[in-house]
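Q:
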Amino acid sequence: MNYKKLAVILSLILSMEIVAHPSLIIENITLIDAENPVRLKQTVLIEDGKIQSIIDPTEIIEEQENSHTVIDGSGKFLIPGLWDAHVHLTFIPEIDHETYFNLFLKNGITSIRDTGAVIEKLQPSLNYIKENPNKTPRLFYAGPLIDGRDRVYKGKEPGFPELSIGIDESSDIENVVNDLLDNGVTFLKSYEMLSKDTYLELLKIAKKNNLRVTGHIPLSIDLEEAIEAGLGGMQHVRNMDLACSLDAPELLTKRRTQLENENDIEGSALRTQIHSSQRYYAIDNHDPKRCLRIIKKLAEYGVFQTPTLTINTLDSRRFYADLKWRETYQYLPEKARNNWQEGSIKSTNLAVTDNALIFDKWSLDLVNIMNQEGVKIIAGTDTPIGYLTPGFSLHKELELLFEAGMTTREVLRSATITPAEFLSIENQMGTIDEGKLADLVILNSNPLESISNTQDIHMVISKGIIQ
Ligand SMILES: [Zn+2]
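Under our numbering, the first residue of the sequence shown is numbered 3, with each subsequent residue one higher.
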């Protein structure tokens, strides 16, 4: 019975009633998506927010030309609207939802996945979308991070705003999940302090409701066990470091002891303590054979990976040190702009550590192997964390995925078809085909030649409306 709830929410997000849908004709354009071969000089008819038909230009009748807005696509390229599949709309209160939505659309991002926000704080964004469906992207959200009793993001310390709820063995998880569904979530996000048994129970109940669980793998569980128990996705390639170590079982035992016994420090501090004691040791003692076995298992079980290379390489690449990057701060509200400017300068003065460089290379190498082994890769950034400007940062992520070894077509897939697949809505979006939703971007240059060309935007169409 419950599985129907998700279907209802999804169809609401996908149908989004727009008053007075304009009809568009994009003429003489090259169609590029990650599924179809390149189609030259096509004409695309858009009606009621959908791609009505893809036709030969000679088939256009005069009547249509008069009743539709005609866009000349000569020399241009049409791609499906992009996704940023890892955003936190409520992480920095100084950035309002209107700014986010404008920046996403301006950058060709017509769908976003919020991967952690308490519903109450997300509510203004949801209301805004409802009131302004024709100038907002589609928003799919997990609601709060589902963490253990000792939560990491509970709003007590700077850098750790309230993003989570905590559950343990005594919780009525069925009720928690039901409540989230009533609040419109379309997937769940688990977090690191969950106990093994609670996590396994959560996976079970999520499955019953057709919800995929993505997130950080709890520190208390073996990754392979989590894969077999049905986890739906991973973020930041996190936990791969620990799971791919020669000493993975010993590290897990140590973590469990720490989780059980360190009761006198905050969850956020304990989490950091565990990672700093294990991450670089684990990477240093990387076991390629064990790692390949795990990666093959991720592919076999269809686990989605959102590597967020922008955030994984933040301390090594330091985008914020680049003056050109800082120009994107001009689109932020004044308070955020000033904070970011100041913070960027301060961080730029710090030296790049060896560990940051090691983590950078390790992250990119891992993404390359995962991609080669058929793990489904999703593009996401973690904006607005790390001075990653909403919208602009997705294009950085695409460049990094390419640098890691993915082809331009594979990168395009990671920001179009694959995130739709995660929500099982790939029959409605992600490619340029008749009947699909008209979330589209017109580019001035070919993204298959250089993935940076996704930044060369001529026009964005969201829900069939020119932005
Ligand atoms: Zn995140």
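No residue lacks a Cβ here, since even glycine has one placed at the ideal position from N, Cα and C.
Does P335 pass the burial test, meaning 16 or more other C-beta atoms within 10 Å, or should it be called exposed?
A: With fewer than 16 Cβ atoms within 10 Å of its Cβ, P335 is classed as exposed.
Q: T432: buried (16+ other C-beta within 10 angstroms of its C-beta) or exposed?
A: A quick correction: the sequence has Gly, not Thr, at residue 432. By the 10 Å Cβ count, G432 comes out buried.
Q: What does the Cβ neighbour count give for T188, buried or exposed, with the cut at 16 atoms within 10 Å?
A: Answer is buried; the Cβ neighbour count reaches 16.
Q: Considering Cα atoms alone, identify which of M195, G110, Y155 is closest to A440.
A: If we check each option's Cα against that of A440, G110 comes out closest.
Q: Does the distance from the C-beta atom of I313 to that of D384 stay below 8 Å?
A: Against a cut-off of 8 Å, the Cβ pair of D384 and I313 comes out as a contact.
Q: Tell me the start and end of each unbroken beta strand (DSSP E) in the region 164–234 that is at least 3 residues and wholly inside, in chain order.
A: Here the runs fully enclosed are 166–168, 190–192, 215–217.
Q: Under 8 Å, do G232 and L196 count as touching if we go by C-beta distance?
A: No; because the gap between Cβ atoms is not below 8 Å, this pair is not in contact.
Q: Enumerated in chain order, which unbroken segments of the alpha helix (DSSP H) with a length of 4 residues or greater are wholly contained in the region 405–448?
A: DSSP runs (the alpha helix (DSSP H)) wholly in the region 405–448: 410–416, 419–424.
Q: What I want to know is whether the C-beta of T385 ends up closer than 7 Å to one or more non-hydrogen atoms of ligand 1.
A: No, Cβ of T385 sits at least 7 Å from all heavy atoms of ligand 1.
Q: Just list the residues that DSSP pairs W85 with in beta bridges.
A: DSSP output for W85 lists S113 as bridge partner(s).
Q: Below 7 Å, is the gap between the Cβ of T117 and the nearest heavy atom of ligand 1?
A: T117 Cβ: within cutoff of ligand 1.
Q: Let me check one thing: in DSSP terms, what residues is S279 bridge-paired to?
A: According to DSSP, S279 bridges with nothing at all.
Q: Opposite L26 in the DSSP bridges: which residues?
A: Answer is I48, T71, bridged to L26.
Q: Considering only DSSP beta bridges, list what S464 is partnered with.
A: Paired residue(s): I467.
Q: Pick from S416, N455, N212: whose alpha carbon is nearest that of V179?
A: For V179, the nearest C-alpha among the options comes from N212.
Q: Does the beta carbon of H88 fall short of 7 Å from some heavy atom of ligand 1?
A: H88: yes, Cβ under 7 Å from ligand 1.
Q: Below 8 Å between beta carbons: does that hold for L450 and I459?
A: Taking 8 Å as the Cβ cut-off, L450 and I459 do not qualify as a contacting pair.
Q: Mind checking V7: buried by the 16 CB within 10 Å criterion, or exposed?
A: The question names Val, yet the displayed sequence has Lys at residue 7. Per the 10 Å Cβ criterion, buried.
Q: Below 8 Å CB to CB, which residues in the same chain sit around V154 once its five sequence neighbours on both sides are set aside?
A: The answer, listed in chain order, is L147, F162, S166, Y193, E194, M195, G269, S270, R273.
Q: Just mark E2 as buried or exposed, buried being the case when its beta carbon has 16 or more other beta carbons within 10 Å.
A: Nothing about residue 2 can be read from this structure; the chain reaches only from 3 to 469.
Q: What distance in whole Å lies between the Cβ atoms of V377 and A301, which are believed to be in contact at a cut-off of 8 Å?
A: Right, the Cβ-Cβ distance comes to about 5 Å (below 8 Å), so this counts as a contact.
Q: Measuring CA to CA, which of G157, E203, S278, E159 is closest to S173?
A: The residue with the shortest Cα to Cα distance from S173 is E203.
Q: Just tell me which of Y282, T456, I360, I48 has its CA closest to the CA of L316.
A: Comparing Cα positions, the closest option is I360.
Q: Evaluate R470 with the Cβ neighbour count: other Cβ atoms within 10 Å of its Cβ, from every protein chain shown; 16 or more gives buried, anything less gives exposed.
A: Lying outside 3 to 469, the shown extent of the chain, residue 470 is not represented and no answer is given.
Q: Going by other Cβ atoms of all chains shown within 10 Å of its Cβ, with 16 needed for buried, is Q374 buried or exposed?
A: By the neighbour-count rule (16 or more Cβ atoms within 10 Å), Q374 is not buried but exposed.
Q: By DSSP, does I267 sit in helix, in strand, or in coil?
A: I267: coil per DSSP, three-state reduction.
Q: Can you name the start and end residues of the alpha helix (DSSP H) that Y130 belongs to?
A: Taken as a continuous stretch (DSSP letters only), the alpha helix (DSSP H) holding Y130 covers 121–133.
Q: Based on DSSP bridge pairs, tell me the residues matched to R41.
A: Beta-bridge pairing links R41 to L33.
Q: Leaving out five residues before and five after L368 in sequence, what residues of the same chain have Cβ atoms less than 7 Å from its Cβ?
A: Here the set comprises V239, M242.
Q: Is I267 buried or exposed, if buried means 16 or more other CB atoms sit within 10 Å of its CB?
A: Result: exposed.
Q: Tell me, please, which residues DSSP counts as bridged to F79.
A: Beta-bridge pairing links F79 to T32, L445.
Q: When you compare each of E252, S395, L221 to Q275 by their alpha carbons, which one comes out closest?
A: Closest by alpha carbon: L221.
Q: Answer yes or no: the CB of Q307 versus the heavy atoms of ligand 2, is any distance below 7 Å?
A: For the structure depicted, ligand 2 is absent and the ligand set comprises only ligand 1.
Q: Would you kindly check if the distance between the Cβ of I223 and the Cβ of V305 is under 8 Å?
A: The answer is no: Cβ separation not under 8 Å.
Q: Can you tell me whether T315 is helix, strand or coil according to DSSP?
A: In the structure shown, T315 sits in coil (DSSP, three-state: anything other than H, G, I, E or B).
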